[in-house]
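The structure appears below as C-alpha cells.
Protein chains: 2
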Amino acid sequence: MAQGKNSPVGWRSECPISSGLDILGDIWSLLIVRDLIVYGTRTYSEISQSPEKISTNILASRLKLVTTLGVNERVDADRVARNNAFRLTKSGKELRKVLEELGRWSHTNLKEMHPTIVGME
Amino acid sequence: MAQGKNSPVGWRSECPISSGLDILGDIWSLLIVRDLIVYGTRTYSEISQSPEKISTNILASRLKLVTTLGVNERVDADRVARNNAFRLTKSGKELRKVLEELGRWSHTNLKEMHPTIVGME
DNA sequence: GTCGTTTACTAGCATTTTGCAAGTGGTGGC
DNA sequence: GCCACCACTTGCAAAATGCTAGTAAACGAC
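Protein chains in written order, with the working numbering: chain A, 24 to 144; chain B, 24 to 144.
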C-alpha cells in the first residue's frame, strides 16, 4: 500500500482510476467492504472469520486505513471497541456498484479457470 | 499476488468478488487494463511511461499474468515482441464497467483528500 | 468483586513481494 | 555490419504480508 507522510495515501497520479486503486487496490480493503455490504454491520472477529482468512494484523491496519479514509465507521461512534461493529458510510456504500460489476465480471470470465466459483446474488 | 501450483492463481474462496480480486486486486494489473482501455493498443514501453511509473520487472510479470489469464493478448499473435503491442480481449474489455464505476467513485469521494484528481472522461 | 472467557487488537519474525538500477539480447533501420 | 532501441531479466535492498503468540480491556457468571 502506498503511504505518504501528510496524507495517509501517496497518490500516484491524478487519474481517478489510479487514485481509487491507491486506496482500494489491494485484496483486503475491498474484501472488508464486501463483508460490510453483505452483512450491513460486522465486528472485528466476524470479519476475521470470513472464508478468505485475513490475518489479524492486516485486518487491523486495513480497518484503520479505510476508517481514516471515511469508507467505514463504528456503529457507536463513542463506545469502546468490544462488540462495537463497523459499518459503511455513504461513501463506502457507493462502492457497491464497483463490487457488483467486479463480481459479475468474475462470474462470467473466470468460470473456466475456477469452476466452483459462485454467482452473484 | 497469490499463486498456486496448478493454476496461475490461488483462489482464496469461491466468492466471485474475492476471486476477481485474487487476479486483479492489485494496483498494477488494473492500471495496465486502464491503459489498454484508453489507448486501445499499447506497447511495453508505452505502458511503462504512464504517469504512475510502473517498474519494468513488475510490468513484465503483470503482463505475463493477465495475458495468461486471457485478459489481454498480442496484436499480432505470432510475431516477435518488438513493436508488437498488447490489446484487450473480449474478457478484458468487459472490465471497462468496473473501472468506470471505480473512477466515478473516486472522483466523487476522493476530491477532498486529493484536490487535483481529474474527472472521468 | 473476582475469575474465567471473549474480543480486539499488538508484536515478533520468517517469507514474499516490491521497487530501483543496471544489464542483456534480439531487431530493425541504415 | 553496426548501432540504437525495445522488451525484457537480474540482483539486491526495502517494504509488505502471513503466521503465531501475546496482551489488555470488558463482559458474564457466580
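Every residue gets a Cβ at the ideal spot worked out from N, C-alpha and C, and that includes glycine.
Reduced DSSP secondary structure (H/G/I, E/B, other) of residue i
i, result
"Asp49/B", "strand"
"Arg35/B", "coil"
"Gln26/B", "Here the model assigns Gln26/B a pLDDT of 49, short of 50, so the residue's position is not dependable and the matter cannot be decided."
Close beta carbons around residue i, own chain, < 7 Å, minus the five adjacent residues each side
i, result
"Leu133/B", "Ile140"
"Arg57/A", "Leu122"
"Arg65/B", "Asp58, Leu59, Ala108 and Phe109"
"Val61/B", "none"
"Ser41/A", "Arg35"
Min CB distance residue i to chain A below 8 Å
i, result
"Arg57/B", "yes"
"Lys116/B", "no"
"Asn132/B", "yes"
"Arg35/B", "yes"
"Val89/B", "no"
"Ser75/B", "The sequence shown places Glu at residue 75/B, rather than the Ser named in the question. For Glu75/B, the answer is yes, since a Cβ of chain A falls inside 8 Å of its Cβ."
"Glu96/B", "no"
"Ile81/B", "no"
"Leu111/B", "no"
"Asp99/B", "no"
Range of the contiguous beta strand (DSSP E) that encloses residue i
i, result
"Glu75/A", "Note, Glu75/A: premise wrong, no beta strand (DSSP E); not H, not E."
Test: residue i CB closer than 8 Å to a CB of chain B
i, result
"Ser30/A", "yes"
"Val121/A", "yes"
"Arg65/A", "no"
"Ser68/A", "no"
"Gly27/A", "Because Gly27/A carries a pLDDT of 47, less than 50, the predicted location of this residue cannot be relied on, and the following value inherits that uncertainty. Not an interface residue."
"Val103/A", "no"
"Thr139/A", "yes"
"Leu23/A", "Not covered by the structure: residue 23/A. The range shown for chain A is 24 to 144."
"Leu145/A", "Because chain A is modelled from 24 through 144, residue 145/A falls outside the range shown and cannot be assessed."
Proximal residues to residue i (C-beta, below 8 Å), its chain only, five neighbours per side dropped
i, result
"Gly27/B", "Note that Gly27/B has pLDDT 47, beneath the 50 cutoff, so the model's placement of it is unreliable and the number below is only indicative. Cβ neighbours of Gly27/B beyond the five flanking positions: Gly33 and Trp34."
"Met143/A", "Glu123, Gly126, Arg127 and His130"
"Asn82/A", "The sequence as given places Leu at residue 82/A; Asn does not occur at that position. Contacts found: Trp51, Ile55, Tyr67, Ile70 and Ser71."
Neighbourhood of residue i by C-beta, 6 Å cutoff - its chain only, sequence neighbours within 5 removed
i, result
"Leu53/B", "Leu47"
"Val89/A", "Ser52 and Asn95"
"Asp99/B", "Asn107"
Point to revise | Unbroken stretches of the alpha helix (DSSP H), 4 residues or longer, contained in the region 73-138 of chain A | key: 79-91, 113-116 and 119-132
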